[in-house]
Amino acid sequence: MEPRNHTAVSEFLLLGLTDDPALQPLIFSLFLSMYLVTILGNLLIILAVISDPRLHTPMYFFLSNLSFNDVCFSTSTIPKMLVNILTEVQSTTYTDCLSQVCFVLIFGGLENCLLTVMAYDRYVAICHPLRYTVIMNPCLCVLLFLISLLISTVDALLHTLMVLRLSFCTALEIPHFFCELAQVIKLACSDTLINNLLVYLVLGVFGGVFLCGIILSYVHIVSSVLRMPSSQGKYKAFSTCGSHLSVVSLFYGTGFGVYISSEVTDSPRKTAVASVMYSVVPQMLNPFIYSLRNRDMKGALRKLIDRRSSLL
Numbered sequence: 455m456e457p458r459n460h461t462a463v464s465e466f467l468l469l470g471l472t473d474d475p476a477l478q479p480l481i482f483s484l485f486l487s488m489y490l491v492t493i494l495g496n497l498l499i500i501l502a503v504i505s506d507p508r509l510h511t512p513m514y515f516f517l518s519n520l521s522f523n524d525v526c527f528s529t530s531t532i533p534k535m536l537v538n539i540l541t542e543v544q545s546t547t548y549t550d551c552l553s554q555v556c557f558v559l560i561f562g563g564l565e566n567c568l569l570t571v572m573a574y575d576r577y578v579a580i581c582h583p584l585r586y587t588v589i590m591n592p593c594l595c596v597l598l599f600l601i602s603l604l605i606s607t608v609d610a611l612l613h614t615l616m617v618l619r620l621s622f623c624t625a626l627e628i629p630h631f632f633c634e635l636a637q638v639i640k641l642a643c644s645d646t647l648i649n650n651l652l653v654y655l656v657l658g659v660f661g662g663v664f665l666c667g668i669i670l671s672y673v674h675i676v677s678s679v680l681r682m683p684s685s686q687g688k689y690k691a692f693s694t695c696g697s698h699l700s701v702v703s704l705f706y707g708t709g710f711g712v713y714i715s716s717e718v719t720d721s722p723r724k725t726a727v728a729s730v731m732y733s734v735v736p737q738m739l740n741p742f743i744y745s746l747r748n749r750d751m752k753g754a755l756r757k758l759i760d761r762r763s764s765l766l
């Protein structure tokens, strides 16, 4: 078959998680429920932060941005899958596929950056409490968010532009429920060395540098907490970090789990099922982790719900 340029590509086929038609209603119901829980949970976090003046602090500023990013992350993948199941249409246009690749990379990268920034926020709060409000001033918080957004956007656009140079000449079937960068690259019949090198480089930065930054922050935090004379102070310090550590463990743990599963299995479908653990589950569980382990957040959510109930 003669190689054909990417301009001739009209559509990709998203094969989803299974070929069994009998399982499609179950998958639809499951993902619809997870999506609705994700949207509702994260919107409640955002509304609680906005409505309660006590939560107008750097920690909750970054948390509300993380929640908004989780909504966007889930929206970039799940609705398209639900529509495909309902319409029984697996095809997606070339432009839509690359757009989805771009948005998934933006929101995935931004989640990584925000978790690192939140670790730095906890480091300043615990290791430099007297200077916390001076260091973590509103201008710095906005600047850190904008830098995080810039880094993730530049990374996503770079990957997307590199995909545009590829030619596709095989059956354009993606064994996944969304257009994932690695799966799209595998379909190319032109040289993908540069694309793969770029993927590994970015993984090294996001999975290595940022994770090392989080670990380094917590090394200083633990060292500072252990020097506290009061056991109550130690408990309070660790409790403020517990939610963030749980979210970091969930995000990076599922991400590394997907990477390892893709290396040890030859089944793309199994890798697609495993990818649900990093692209859907963390975004759904983050609101529960922060609300259940945080007294101020639980109080704000209770007030928000009571206020809405009184209006009805």
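Per our numbering, residue 455 is the first one in the sequence shown, and the count goes up by one each step.
Just so you know, even glycine gets a beta-carbon here, dropped at the ideal spot from N, CA and C.
Closest option to Leu635, judged by alpha-carbon separation, among Leu568, Phe557, Cys581, Cys623: Phe557. In the three-state scheme derived from DSSP, where H, G and I count as helix and E and B as strand, Glu565 is classed as helix. Under the rule that a run must span 4 or more residues, the alpha helix (DSSP H) segments found entirely inside the region 471-524 read 478-505. Straight-line measurement puts the Cα of Ala726 at about 41 Å from the Cα of Asp760. Judged by pairs of C-beta atoms under 8 Å, the region 680-687 does not touch the region 698-710, as fewer than three such pairs exist.
Straight through space, the alpha carbons of Thr541 and Cys595 are spaced by roughly 44 Å. Straight across, the Cα-Cα distance linking Glu465 with Leu552 is about 10 Å. Here Phe631 carries a coil assignment [DSSP, helix/strand/coil].
Here the alpha carbons of Val608 and Thr531 stand approximately 20 Å from one another.
In the structure shown, the three-state DSSP call for Ser644 is coil. Between Val656 and Ile639, the gap from beta carbon to beta carbon reaches 8 Å or more.
DSSP, reduced to helix, strand and coil, places Thr725 within a helical segment of the structure shown. The alpha-carbon of Val543 is positioned some 52 Å away from that of Ile589.
Non-local C-beta neighbours of Thr492 in its own chain, meaning closer than 6 Å and more than five positions away in sequence, comprise Ser528, Gln737, Met738, ordered along the chain. In the DSSP annotation of this structure, the continuous segment of the alpha helix (DSSP H) that includes Leu612 starts and ends at 592-618.
The beta carbon of Cys581 sits closer than 7 Å to those of His674, Ile675, Ser678, all from its chain and outside the five residues before and after it, given in chain order.
Within the model, the alpha-carbon separation for Thr547 versus Leu604 is close to 27 Å. The DSSP-derived three-state label of Ser545 is strand. If you draw a 10 Å sphere on the C-beta of Val525, you find 16 or more other C-beta atoms in it, and that means buried. With respect to Val734, Met572 sits apart: the two C-beta atoms are not nearer than 8 Å. Take Phe515, set aside five residues on each side of it, and the residues of its chain with a beta-carbon closer than 6 Å to its own are Cys595, in chain order. Distance from the CA of Pro592 to the CA of Phe632, rounded to the nearest whole angstrom, comes to 37 Å. Cα atoms of Asn496 and Phe622: separation of roughly 39 Å, rounded to the nearest angstrom. Just measuring C-alpha positions, the residue of Glu627, Asn649, Cys567, Ser671 sitting nearest Ile601 is Cys567. Contact annotation: Thr694 and Arg576 have beta-carbon atoms nearer than 8 Å.
Shown here, Leu467 sits in a strand according to DSSP, grouped into three states. Within the same chain, and ignoring the five residues on either side of Leu517 in sequence, the residues whose Cβ sits closer than 7 Å to its Cβ are Ile499, Val503, Tyr744. Spanning the alpha carbons of Leu467 and Val730 requires a straight line of approximately 19 Å.
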